[in-house]
Amino acid sequence: MSALRFDLQQIADWIPPGAHVLDLGCGDGSLLAYVRQHKQCSGYGVEIDDANVLTCVRNGVDVIQQNLDAGLALFADQSFDVVVLSQTLQAMHNTETVLREIARVGRQGIVSFPNFGYWRHVVSIIRGSMPVSRQIPYQWYDTPNIHLCTLKDFEKLTGKIGLKILARAAYDDGEEISVLPNLRSTLALYRFSVA
2 MSALRFDLQQ
12 IADWIPPGAH
22 VLDLGCGDGS
32 LLAYVRQHKQ
42 CSGYGVEIDD
52 ANVLTCVRNG
62 VDVIQQNLDA
72 GLALFADQSF
82 DVVVLSQTLQ
92 AMHNTETVLR
102 EIARVGRQGI
112 VSFPNFGYWR
122 HVVSIIRGSM
132 PVSRQIPYQW
142 YDTPNIHLCT
152 LKDFEKLTGK
162 IGLKILARAA
172 YDDGEEISVL
182 PNLRSTLALY
192 RFSVA
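Take the sequence shown: its position 150, counted from the start at 1, is 151 in our numbering, and no numbers get skipped.
In structure tokens, the structure reads:
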């Protein structure tokens with residue numbers, strides 16, 4: 002098995018050994034396969050893309066094909082130790098509902114998203130154009146990203162809906178950023194629980 006992307010490695014580090022994990026928007030299932038092998042975790046992925054679902058099945062990852070905007074009604078309250086939503090939050094139609102559902106079905110949630118407050122993005126807007134970067138690689142007219150936010154925006158929303166932030170990590174090009182993360186990071190990761 003190849004090494005995980007740096008952000009998925011951070012998420013894997015936050016998942017306790019033996020945890021029951023739900024990975025929303027699991028892609029090819031590499032995170033679930035990794036924590037199953039290295040941390041003896043169990044769980045399911047939820048994915049909409051046909052090719053990714055097929056890759057999950059081929060790799061032995063239990064996956065359910067579903068649109069996340071349809072909700073998580075098929076999962077009981079607190080049925081998972083950890084629920085992960087990696088680099089998908091910005092594409093959700095109802096961000097607040099998705100976060101509430103993560104908190105309902107999991108004891109802890111882990112979310113990552115591109116940081117729209119990154120200084121190069123701000124400069125691009127000042128110059129009159131929406132930013133296009135490795136983290137936000139689409140033009141304004143064809144982007145699946147409908148709810149872009151900054152670290153501070155996310156923290157305000159979690160406070161509003163009663164979530165307690167347990168940990169935060171911010172990165173730029175794989176390097177962890179601790180000084181001025183709202184301005185200097187391109188990707189944010191949060192671990193949270195119900196307050």
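Glycine included, each C-beta is placed from N, C-alpha and C at the ideal position.
Practice task
Look up residue 115 in the DSSP assignment and give the residues it is bridged to.
Solution key: Partner residues in the beta bridge of residue 115, as assigned by DSSP, are 188.
Handout entry: One or two residues paired with residue 166 in a DSSP bridge
Key = Beta-bridge pairing links residue 166 to 193.
Practice task
Would you mind listing the alpha helix (DSSP H) stretches within the segment 119-175 that are 4+ residues and don't spill past its ends, in chain order?
Solution key: Whole alpha helix (DSSP H) segments, 4+ residues: 120-127 and 152-161.
Practice task
May I ask you to verify whether the segment 26-37 touches the segment 78-96, counting CB pairs closer than 8 Å and requiring at least 3?
Solution key: Yes: at least three Cβ pairs fall under 8 Å.
Exercise for the section: Return yes when the Cβ of residue 66 is within less than 8 Å of the Cβ of residue 108, no when it is not. Expected result: The criterion of a C-beta distance shorter than 8 Å is not satisfied by residue 108 and residue 66.
Problem - Euclidean distance between Cα positions of residue 72 and residue 118 - result: If I take the Cα positions, the gap works out to 28 Å.
Exercise for the section: Would you kindly work out how many angstroms separate the C-alpha atoms of residue 51 and residue 45, rounded to a whole number? Expected result: About 16 Å.
Problem - Exposure of residue 143, with buried meaning 16 or more beta-carbon neighbours within 10 Å - result: Exposed, by the Cβ-count rule.
Practice task
Let me know the secondary structure DSSP gives residue 63 once reduced to three states.
Solution key: Residue state, collapsed to three classes: coil.
Practice task
State the Cα-Cα distance for the pair residue 179 and residue 170, rounded to the nearest angstrom.
Solution key: Taking the straight line joining both Cα atoms gives about 8 Å.
Exercise for the section: Taking 8 Å as the threshold, find out whether the segment 4-23 comes into contact with the segment 36-44 through three or more Cβ pairs. Expected result: Yes: the two stretches touch, three or more of their Cβ pairs being nearer than 8 Å.
Handout entry: Bridge partners - residue 21, DSSP secondary structure assignment
Key = Partner residues in the beta bridge of residue 21, as assigned by DSSP, are 43.
Problem - Rounded distance between the beta-carbons of residue 189 and residue 152, thought under 8 Å - result: Taking 8 Å as the upper bound for CB-CB distance, residue 152 and residue 189 are in contact here, some 5 Å apart.
Problem - Cβ-heavy atom distance, residue 67 to the ligand MN, below 7 Å - result: As presented, the structure is devoid of all ligands, the ligand MN included, so that no description of it is given.
Practice task
Quick one: give me the first and last residue of the beta strand (DSSP E) that residue 180 is part of.
Solution key: Note, residue 180: premise wrong, no beta strand (DSSP E); not H, not E.
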